[in-house]
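Reading through the structure tokens given below for one structure.
Residue numbers (our numbering): 3 to 385.
Below, the structure is given as structure tokens:
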């Protein structure tokens with residue numbers, strides 16, 4: 003004992019031999035090596051050593067913390083069962099679940115009281131909330147809001163796939179336009195007989211139409227557009243043909259100031275699970291051209307973010323300027339007389355789409371291209 007005290011005393015004399023007391027240190031900082039103790043700490047060590055010997059210098063940290071659960075197994079089982087109820091489509095609150103748990107334990111204790119067994123304790127609400135937090139958050143979200151919502155909730159956020167060259171990946175999809183058009187043709191279409199117009203479906207009705215679009219992911223250039231009453235195998239094949247053809251003739255037809263020369267054979271075409279792209283004819287045509295066709299997971303449009311964003315851009319930047327707009331929903335539309343205001347024919351819509359794509363969209367700086375326009379990016383990557 004005396005020898006140990008002498009060691010501590012010698013240590014103290016060595017530390018404070020210059021008569022200076024070390025500065026008071028603040029907690030919360032990382033240190034590369036342990037510094038000298040304060041005078042008070044050293045006196046405490048000496049006092050503990052004198053009283054208990056070497057055992058007095060132990061910090062007893064190994065005994066800190068909670069050791070084992072305070073709850074019985076049956077209480078733990080009931081707690082976990084209650085926690086799982088939080089992942090329910092009824093979306094109960096944590097308060098409601100805790101009330102149910104307390105009611106079950108009271109019911110269980112009635113039987114235990116009659117038989118003389120130990121009564122169960124009701125876990126606190128904070129204990130229940132900790133048990134809920136231990137469940138996989140994705141499973142909880144799926145249980146409360148559905149699997150599709152959980153996939154959207156857990157989707158990866160970032161810049162997405164990186165594409166280095168034109169035609170490396172082309173995304174294709176169709177969308178029903180928020181616009182009422184007249185099933186008729188102006189100009190040369192008026193020379194058709196009534197029978198010919200009926201055979202072509204030009205009945206003069208006012209309807210919403212679909213547009214199939216193909217877009218190059220590396221340059222954001224639109225490679226194909228096809229208007230149809232309903233997406234079909236035919237519209238998919240027509241879009242595929244437009245992808246590989248120079249479309250400058252379309253630009254010339256509407257008097258565009260720029261050419262629509264972007265075309266070629268894609269390495270990969272990515273689509274959803276629409277019937278137009280699942281058809282034998284579409285898959286065979288793509289395979290004959292040496293194009294790999296891939297399909298993304300159903301109901302996860304984020305996996306085709308490039309094509310989904312162009313539909314939104316068209317709706318906001320073009321359709322919003324045209325008469326006969328139906329808006330995105332019934333609530334948004336309100337009492338707006340979309341059908342009564344419809345004035346555009348099919349070829350009017352085609353004219354507007356082509357002119358907007360060639361002279362506005364392809365020439366406008368794009369935030370996803372570092373400020374370059376789609377046309378500039380195509381030229382930069384192909385020259």
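Quick reminder that beta carbons are idealized off the backbone N, C-alpha and C, glycines included.
query                                                                                                                                : result
Segment contact, 8 angstroms Cβ cut-off, at least three pairs: the region 217-227 with the region 315-328                            : no
Given residue 88 as reference, the closest of 145, 241, 260, 228 once Cα atoms are compared                                          : 145
Nearest-angstrom beta carbon gap, residue 245 and residue 172 [assumed within contact, 8 angstroms]                                  : 6 angstroms
Status (buried if at least 16 other CB within 10 Å, exposed otherwise) for residue 103                                               : buried
Pick from 243, 227, 229, 349 that is closest to residue 268, judged by C-alpha positions                                             : 243
Any beta strand (DSSP E) of 3 or more consecutive residues that is wholly inside the region 206-257                                  : 208-218, 224-230
With 16 other Cβ atoms within 10 Å as the buried cut-off, status of residue 180                                                      : buried
Closest residue to residue 217 among 133, 46, 170, 132 (Cα-Cα distance)                                                              : 170
Continuous alpha helix (DSSP H) stretch holding residue 349: start and end                                                           : 348-357
Local Cβ density within 10 Å of residue 233, reported as buried at 16 or more and exposed below that                                 : buried
Supposed contact pair residue 129 and residue 107 - C-beta distance, whole angstroms, cut 8 angstroms                                : That pair is no contact at about 13 angstroms.
Same chain, Cβ closer than 6 angstroms to residue 259, five either side skipped, listed in chain order                               : 361
Coil, strand or helix - residue 369 by DSSP                                                                                          : helix
Continuous alpha helix (DSSP H) stretch holding residue 116: start and end                                                           : 96-117
Distance between residue 275 and residue 230 (C-alpha atoms, nearest Å)                                                              : 18 angstroms
Opening and closing residue of the beta strand (DSSP E) in which residue 90 lies                                                     : From DSSP, residue 90 is part of no beta strand (DSSP E); its letter is neither H nor E.
Residue 80 burial status per 10 Å Cβ neighbour count (16 or more: buried)                                                            : buried
Buried or exposed by the 16-neighbour rule on C-beta atoms within 10 Å, applied to residue 98                                        : exposed
Strand pairing of residue 2, partner residues [DSSP]                                                                                 : With the chain covering only 3 through 385, there is no way to say anything about residue 2.
Whole-Å CB distance - residue 2 paired with residue 247, under 8 angstroms assumed                                                   : For the chain, the structure presents residues 3 to 385; residue 2 sits outside this window and is missing.
Residues near residue 50 in its chain [Cβ-Cβ closer than 8 angstroms; skip 5 each side]                                              : 58, 59
Residues of its chain near residue 262, where Cβ-Cβ distance is below 7 angstroms and the 5 sequence neighbours each way are ignored : 249, 250, 252, 253, 360
Length of the line joining the Cα atoms of residue 383 and residue 293                                                               : 20 angstroms
Within the region 130-185, ranges of the alpha helix (DSSP H) (whole runs, at least 4 residues)                                      : 139-147, 149-155
Environment of residue 385 [buried if 16+ CB atoms lie within 10 Å]                                                                  : exposed
For residue 238 and residue 289, the rounded distance between their alpha carbons                                                    : 14 angstroms
Euclidean distance between Cα positions of residue 391 and residue 39                                                                : The structure shown has nothing for residue 391, since the chain only spans 3 to 385.
Segment limits, alpha helix (DSSP H) that includes residue 45                                                                        : 41-54
Helix, strand or coil at residue 374 according to DSSP, with G and I counted as helix                                                : coil
Close beta carbons around residue 270, own chain, < 8 angstroms, minus the five adjacent residues each side                          : 170, 171, 172, 293, 294, 295, 296
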